[in-house]
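Just so you know, UniProt numbering puts 181 at position 181 of the sequence shown, and the rest follows in order with no gaps.
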Amino acid sequence: MALAVEHDMEIHQLDVVTAFLNGESDEDIYMQVPNELRPTLEDIVKDINSPKEIKIEAKKMLKTLRDDHAVCKLEKALYGLKQASRQWNKKLDVQLKRIGLQQLSSDPCIYHMWKNGKLLILAIYVDDLWIASADPEWIEEIKVRLMESFKMKYLGKIHYGLGIEFSQDLNEGKIFMSQQKYTNDVLKRFGMENSKPASTPLEVGTKLTKAINPDPDEKQNYPYQQLIGCLMYLAVSTRPDIAYPVNWLSQFNNCHTIEHWNTAKRVLRYLKKTPTHGLMFRKTGKQLQGFTDADWGNCPDDRRSYTGYFFTLGGAAITWQARKQSTVALSSVEAEYMALTEASKEAVYLRQLLRELKLLDDSNATLIHNDNQGSQLLAKNPIYHGRTKHIDIRHHFVRNCVENGSVKLTYTPTTEMPADILTKPLPVNKHRQFTEALGVQADGHRLEG
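Take a look at the structure:
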């Protein structure tokens, strides 16, 4: 979406009809004879209107079916086969490359092509295809060629897919994506459609610990894991503002009590207040940049810290993460240093993707904002020091990124660090400020209330 608004692309949707039936079987796979096959073949033989060639084949099959050990050998993939999705992907890949599209090694579900100085991007999700380009005629050409090879439904310009609602304004150079219907469905599913709205997903200072020997009956009374699963799809798709609370609450999936359940319902109350919120992408002309933060010793159970980072392009977050660190940090500098490494790993991936699309200027480093000067000095000045010699090698990845010029670290004061929303609960004003920094808005407008 960010690339589409930055390069004035319009996006069209295609849906492949019974996609998995297009795959060719590479292996010998057999199945039991369907009960309906014999009477169907007999009807074909009796039908005076059936073509002669089909009748002959039907008679041959009926003769074979007289053998009690007869089975069917598959020549095509079927729904339910483990190989079906892979075989469909291979068939589609061949056709896309025949058209001239090139697959990205950084993301095999994305194909692209340049022509006359214009870019076309095709993204795949199983049987859903999205085509983006600034040239409508080129989109039409690709669409026609694909529909010649596969039975497809043309769904028009992007408006709905994967449970996400899209709204594109080409004149203003904006794309808004949200999950209002999904949000309302989740609220209704858990009986919270009439709940009292909350201005933040978590109260400041909220602390929970893993329950020791939780009551099994109490666990069954509250569908905690189901709720977290529903919230997770929102958190990874269009609502980075709830990424931290959802990830934090997910660690209690197998050890929760009514206290955890009530805390999770607080997230639903926040969604009740913000059902129309989503990501607003707009043309800004700005380069990819990241923001990272860490909350030292966040967890009372194991004293591990939390990492939070996000990257923006087109005025909104395109990728984000809120995750507990795998190692206990001995200081806030160490916690922030490990967070910088995680953000640098994501920056390298995003740069590779943009490089393959020929949209990256390698002479410019990707800017990563951080609010801890000590961690930046540790990354920029890799000297031996008694207080840092214990840090594992994998956490020094950021040093290499700084040295080779792919990443540049810059300081942002803690009070202005938007990645703070991915590491801890915040008061209302700060939560709203950093939510807007993520590019999350209410139905295409600035947040209110």
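Where is the CB? At the ideal position from N, CA and C, for every residue including glycine.
Asked, Found
"So what's I48 in DSSP terms, helix, strand or just coil?", "coil"
"Assuming contact is defined by CB atoms lying nearer than 8 Å, are V328 and R304 in contact in what I supplied?", "yes"
"In chain order, what residues of the same chain lie with their CB nearer than 7 Å to the CB of K157, ignoring the 5 residues before and after it?", "E10, I11, H12, Q168"
"Which full runs of the beta strand (DSSP E) of 3+ residues lie inside the region 252-340, going along the chain?", "277-282, 289-295, 306-313, 316-324"
"Residues in the same chain with beta-carbon distance under 7 Å from P300, minus the five sequence neighbours each way, listed in chain order, please.", "K207, T209"
"Please classify V16: does DSSP put it in a helix, a strand, or coil?", "strand"
"Return helix, strand or coil for S178, following the three-state DSSP convention.", "strand"
"Judging by CA-CA distance, which residue of T423, D295, T307, L101 is the nearest neighbour of H112?", "L101"
"Does T40 have its Cβ less than 8 Å from a Cβ in chain B?", "Of the protein chains in the structure, only one exists, and it is not chain B."
"Assuming contact is defined by CB atoms lying nearer than 8 Å, are L422 and W320 in contact in what I supplied?", "yes"
"Between which two residues does the beta strand (DSSP E) harbouring L129 extend?", "128-133"
"Taking only three categories from DSSP, how would you classify M31?", "strand"
"Any idea what DSSP makes of N184, helix, strand or coil?", "helix"
"Bridge partners for F166 per DSSP, in chain order?", "M177"
"Which same chain residues end up closer than 7 Å to M61 when comparing Cβ atoms and leaving out the 5 residues on each side of it in sequence?", "L41"
"Tell me whether E148 is buried or exposed, calling it buried when 16 or more other Cβ atoms sit within 10 Å of its Cβ.", "exposed"
"Could you tell me how far apart the beta carbons of V440 and L279 are, in whole angstroms, since I believe they sit closer than 8 Å?", "6 Å"
"For the region 71-83 against the region 26-39, are there 3 or more C-beta pairs whose distance is under 8 Å?", "yes"
"In angstroms with no decimal places, state the Cα-to-Cα distance between G23 and N254.", "40 Å"
"Run through the DSSP bridge pairs and tell me what W114 is partnered with.", "L119"
"Just how far apart, CA to CA, sit H277 and D302?", "34 Å"
"Nearest-angstrom Cα distance between K358 and P108?", "16 Å"
"If you follow the beta strand (DSSP E) that A235 is part of, which residue opens it and which one closes it?", "Per DSSP, A235 belongs to no beta strand (DSSP E); it is in the alpha helix (DSSP H), 224-237."
"Compute the Euclidean distance between the alpha carbons of F291 and K151, then round it to the nearest angstrom.", "44 Å"
"Are D371 and Y411 close, meaning C-beta to C-beta below 8 Å?", "yes"
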